Amino acid sequence: MSKKTAHLKIKELKTDIGVLKDLELSIGKIIEEKWTEPIGPTPFPSITDLREWDHKLLHRYKPLYMPFCDVCCLCTYGKCDLTGNKRGACGIDMAAHQSRFFLLSCCIGAAAHAAHARHLIEHLIDKYGRKFPIDVGGVTVEVEAPITRLVCGIRPKTLGDLEDVLDYVESQITHLLSSTHIGQEGNNIDFESKVFHAGMIDHVGMEIADMAQIAAYGFPKADPEAPLVDIGFGVIDLQKPVIACIGHNVPPAIEIMDYLKTNGLYDKIEVCGLCCTAHDLTRRNPEAKIVGPISWQLRFIRSGVPDVIVIDEQCVRTDSVIEAQKIKAPVIVTSNKICLGLQNRTRDPVDKIVTDLVEAKVPGVLILDPAKAGEVAVRTVVKITSKRKRFKVIPDVTEIVEKAKKCASFGDCNDCRRACPNDLPIPEAMMEAATGNLNKLAELYEECVGCARCESACRAGNDVHSFIIKAAEKKLKEEKFKIRSGRGAVQDLEIRKVGAPIVLGEIPGVVAFVGCANYPHGGKEVAEMASEFAKRRYIVTASGCSAMSIAMHKNEEGKTPYEIYPGDFAAGGLSNVGSCVSNPHISGAAVKIASIFARRKLRANYEEIADYILNRVGAVGVAWGAMSQKATSIASGFWRLGIPVIVGPHGSKYRRMLLGRSDHKDDWYAYDARTGDQIYVGPTPEHLFYTAETKEEAMVMIAKLSIRPNDTTKGRAIKLTNYIDLHKRFYGTMPDDIHLFVRTAADIPIIMKDEITKILKKKKWKEVRVPDPTLLPRLIRKRKE
Amino acid sequence: MSAESWQRAEIPGPKKALVFAKPQVVATKVKIAKRPILVVGHEAVNTSFDEEKVIDYIINIAKAAEIPVVATAHIFGEFVKRGFKPATWMSILDITNRLQDPDWKGLDGVGQYDLALFVGIPYYMEWTILSSLKHFSSDLTTISLGRFYQPHATCSFSNLSLKYWIECLKVITSELGE
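So the protein lines, in turn, are chains A and B. Residues in the first sequence are numbered consecutively from 1322, following the working numbering. Residues in the second sequence are numbered consecutively from 7, following the working numbering.
Here's what the structure looks like:
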């Protein structure tokens, strides 16, 4: 189905009642039906159409609220003290307020992606036309837009079709945002339902953004063998002028590459990126380099390496212009969402802009035309590099020692440590530095998230972050790794191969490492977790900053995980789907398992597909360094599909979790679709949103949350083997909830049979039937008399 | 006695934890509690003093108070290695969730707890956990045994030096043993 605008134009019409001239009549949209699959129950769902499904999930996975503070300060009725779940002036209680806050966060996240999609698609339509065909994988991908098909009930065929989808996405975000206004929604569970809706909508927005750029820019199309590309501070060729692109919306970066090619400069200028723009840049141009995730922004700028900095949008340090000025590098900002106080020079002649930047008459410019921004960036970098001479603001060792001595004179102030998100022992490192030994400062590098709050707090005015970077200079320069470029969608063929073993449980799970880089102990933990589950023959996939962090660690043989594990969506594979907006390829893969493998109807059939995934597809998302609002909306989109998400300890600051209670037996019944009987299926999966204290806890939880009611006995035994093995390894003991996951004796892993049988006996375990599980009564095929 | 949050940006709101003037008060509170429980996070294994780890001092407290211990994260084995068996292992979220449920029967099936002590949880995480309990479990008293002030607890130490904190833990053990 596609929607067409009916547009009638009459130059002149003579009738009995008069003459009509230049009549133009637009009657909105006409649905053009070409898709034979019948439309499902919820096309373009409103914010209440899936409420019943949400409430089913939320009955099982209840919110646990963890407020930052006791007050609500959203309006001038307040501040209101909500301590102890008191009600505020508008009548809202703490639970609803926390849910409302979470919804706000999701709206921000979804809006960021949707606005990104709008900019991107408008730009691509401008460049390639509305009729440019969508192709994300040729013959290997027939279900090209699983999320959009599922939610909207349409199959977008051209770039122009994507605009219709975007209209829907934007309208939903507006409705959701309006519900956070004072005197609107007041029930916490209904807020949570809207959170799910925001997440679902976000996945639609992201999906169409990535489809558009894959098709128009020729990114890898569902390619498991997408090229291995360079990542790391040390991969940058310092002999060349360097343009650094930061953000998430790739057109300006691509225009830079295109300008270089057109003007014979391709091999003469180094173009690199940070954050998702870097991912997407290498999807188009594998020769481009990735510096690293968001936490590398400050250290890279201060190193003096970038000669010109080009900024698009999202997760860009808002002090980028200030930092760039320190190293005398001009900044070109390219999005109306992030102008950073710079003058709009979009309509000025290129020569004039370049002159102003090279002669440092302005710190930077706003150019809202990506092609012009690309030309300005290249022409500026050619002229400015020799003037800048890699001017940097990383101090030398002598200066650090002197300043550390000054720091020591402030005594036990601890201001830097008390500002550090990871409570790093900076004061001790500074004391050591005052003696001339920078080793302790260097040790902080691995766990530093690059926020520089330590500097803002320092009463001595020290550039503490720069000290750490200098101390770890050798390590920084040795950062040379390989990452597989973002492959995009999962092929239909891959889904056919893995569909049965996933649903039956024989592939123990799909683990997706997604999201930001606000790690408690550095990115190494993500690499360790990804490698562990790839070794265990889970399907491991990644996106965004997490995909980068996985790449930035090597084994004893000097190989990165992407060089060790194949890029297939298969057991033991490690794939990088791409940037933030590529995440729907992961949720879409779960949807495609239901659609392609199980032949469930996909079109506008959200509830049934989500029910299928919840009960059958052992997928788990891990956002170990999640910190952004986008991370909340991405996670929410997974939850509504029944896919649990684990976040790292900083994720507790999202202030609400969705937890099951394994000790509440009544919560864990599902219908057997064959008979209509209600069957106990155990706490599978136990939680929907969970924050883990340590990576060890997270790994045990990943294995546990991969368990699903539909697992075959063989599949359940494999999943239990992984769960028990990890539990024994990290906790030093057997899990105490085995009896909740063993349904029949055949579920028991053979090698642990004696041990588990003893436990089951002690727990007075009784065998239960393995049902054809569903939470939806309408899917029961035969009702009991 | 007033105190300020260890992480300076953590501003709690109108209701803030009372600060222990001396560690003996902790022991008194534990003694008068009907159903106390001690929740220990992984940082108890990461911090050392005088070649002993914080977990060792905590085990002494648990033994002296005869209090059930919940080991969170992955540190159950660390207790067992030291010859001490916690009542259970449970994630910090799961125990927090259960402590808010008035119908929960506790680890022993007897009933809900009236005093929960926390130590070894990352500061910012303990912050949110204690806030959750402050707002949604009105009958529970919470004590942060950590080194730094946690305003969302009912009672907490102020920000202490490592040396003095360990001294405090020793005093609590000694008082509970009497």
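Ideal Cβ positions, reconstructed from N, Cα and C, are used throughout, including at glycine. Just so you know, these numbers come straight off a predicted model, no measurement behind them.
Reduced DSSP category for residue i - H, G, I as helix; E, B as strand; rest coil
| i | result |
| --- | --- |
| residue 2001(A) | strand |
| residue 1834(A) | strand |
| residue 42(B) | strand |
| residue 1384(A) | strand |
| residue 1315(A) | Outside the modelled stretch of chain A, which goes from 1322 to 2106, sits residue 1315(A), for which no answer is possible. |
| residue 1323(A) | Below a pLDDT of 50, predicted positions are generally treated as unreliable, and residue 1323(A), at 47, falls in that range; the measurement from the model is reported next regardless. Note: residue 1323(A) maps to strand in three-state DSSP. |
| residue 1371(A) | coil |
| residue 1502(A) | coil |
| residue 1406(A) | helix |
| residue 158(B) | coil |
| residue 1531(A) | helix |
| residue 1565(A) | strand |
| residue 1665(A) | strand |
| residue 1749(A) | helix |
| residue 1355(A) | coil |
| residue 2101(A) | coil |
| residue 2008(A) | strand |
| residue 1719(A) | helix |
Heavy atom of the ligand ADP within 6 Å of residue i beta-carbon
| i | result |
| --- | --- |
| residue 1652(A) | The ligand ADP is absent from the structure shown, which contains no ligand whatsoever. |
Identity of the residues DSSP links to residue i by a beta bridge
| i | result |
| --- | --- |
| residue 1993(A) | 2094(A) |
| residue 1603(A) | None; residue 1603(A) has no bridge partner. |
| residue 1454(A) | 1479(A) |
| residue 94(B) | 76(B) |
| residue 1284(A) | Residue 1284(A) lies beyond the residue range present for chain A, which begins at 1322 and ends at 2106; the question has no answer from this structure. |
| residue 1897(A) | 1863(A) |
| residue 1940(A) | 1831(A) |
| residue 58(B) | 55(B) |
| residue 185(B) | Any property of residue 185(B) remains undetermined from this structure, which presents chain B solely from 7 to 184. |
Sub-7 Å separation of residue i and residue j beta-carbons
| i | j | result |
| --- | --- | --- |
| residue 2096(A) | residue 1400(A) | no |
| residue 70(B) | residue 182(B) | yes |
| residue 98(B) | residue 48(B) | no |
| residue 96(B) | residue 1970(A) | no |
| residue 1806(A) | residue 1550(A) | yes |
| residue 1944(A) | residue 1968(A) | yes |
| residue 1633(A) | residue 1716(A) | no |
| residue 1517(A) | residue 1961(A) | yes |
| residue 1725(A) | residue 1773(A) | no |
| residue 1627(A) | residue 1698(A) | no |
| residue 1580(A) | residue 1695(A) | yes |
| residue 148(B) | residue 160(B) | yes |
| residue 1536(A) | residue 1456(A) | yes |
| residue 1278(A) | residue 1951(A) | No answer is possible for residue 1278(A): the residues shown for chain A start at 1322 and end at 2106. |
| residue 1601(A) | residue 1808(A) | no |
| residue 1768(A) | residue 1735(A) | no |
Any chain D beta carbon closer than 7 Å to residue i
| i | result |
| --- | --- |
| residue 41(B) | The chain labelled as chain D is not found among the protein chains of the depicted structure, namely A and B. |
(message) Can you confirm whether the region 1457-1464 of chain A touches the region 1381-1393 of chain A when touching is taken to mean that 3 or more C-beta pairs between the two stretches lie within less than 8 Å?
(response) no
(request) Check distances from the C-beta atoms of the region 1959-1976 of chain A to those of chain B and list, in chain order, the residues that come in under 8 Å. (result) 1970, 1971, 1973, 1974, 1976
(request) Give a yes or no on contact between the region 1465-1472 of chain A and the region 1529-1548 of chain A, applying the rule of three or more CB pairs nearer than 8 Å. (result) yes
(request) State whether the region 1774-1788 of chain A contacts the region 1984-2002 of chain A, with contact taken as three or more CB pairs (one from each stretch) at a distance under 8 Å. (result) no
(message) Whether or not the region 1915-1933 of chain A and the region 1360-1372 of chain A are in contact is what I'm after, with contact meaning three or more pairs of Cβ atoms, one per stretch, closer than 8 Å; do they touch?
(response) yes
(request) Say whether the region 1437-1445 of chain A touches the region 1880-1894 of chain A, bearing in mind that this needs 3 or more beta-carbon pairs closer than 8 Å, one atom from each stretch. (result) no
(request) For the region 1740-1756 of chain A, enumerate the residues whose C-beta is nearer than 7 Å to any C-beta of chain B, in chain order. (result) 1740, 1744
(request) Would you list, in chain order, the members of the region 17-30 of chain B that have their beta-carbon closer than 8 Å to a beta-carbon of chain A? (result) 17, 18, 19, 20, 21
(message) Does the contact criterion of 3 or more C-beta pairs under 8 Å hold for the region 1400-1409 of chain A versus the region 133-144 of chain B?
(response) yes
(message) Under 8 Å: do the region 1698-1713 of chain A and the region 1776-1784 of chain A share three or more Cβ pairs, one atom per stretch?
(response) no
(message) Under 8 Å, with one C-beta from each stretch per pair, do the region 1643-1655 of chain A and the region 1857-1869 of chain A reach the 3-pair mark?
(response) no
(request) Quick one: which residues of the region 1396-1415 of chain A get their C-beta closer than 7 Å to a C-beta of chain B? List them in chain order. (result) 1402, 1404, 1405, 1406, 1415
(message) Which residues of the region 2038-2064 of chain A have a Cβ closer than 8 Å to any Cβ of chain B? Give them in chain order.
(response) 2051, 2052, 2053, 2054, 2057
(message) I want to know whether the region 1825-1839 of chain A touches the region 2021-2041 of chain A - three or more CB-CB distances under 8 Å.
(response) yes
(request) Examine the Cβ distances between the region 1936-1943 of chain A and the region 2022-2031 of chain A and report whether three or more of them are shorter than 8 Å. (result) yes
(request) Note down, in chain order, all residues in the region 1375-1394 of chain A with a beta-carbon under 9 Å from any beta-carbon belonging to chain B. (result) 1383, 1385, 1386, 1387, 1388, 1389, 1390, 1391, 1392
(request) Taking 8 Å as the threshold, find out whether the region 1658-1675 of chain A comes into contact with the region 1585-1595 of chain A through three or more Cβ pairs. (result) no
(message) Three Cβ pairs or more, each shorter than 8 Å: is that satisfied between the region 167-175 of chain B and the region 48-62 of chain B?
(response) yes
(request) Scan the region 70-93 of chain B for residues whose Cβ lies nearer than 7 Å to a Cβ of chain A and list them as they occur along the chain. (result) 78, 79, 80, 82, 83, 86
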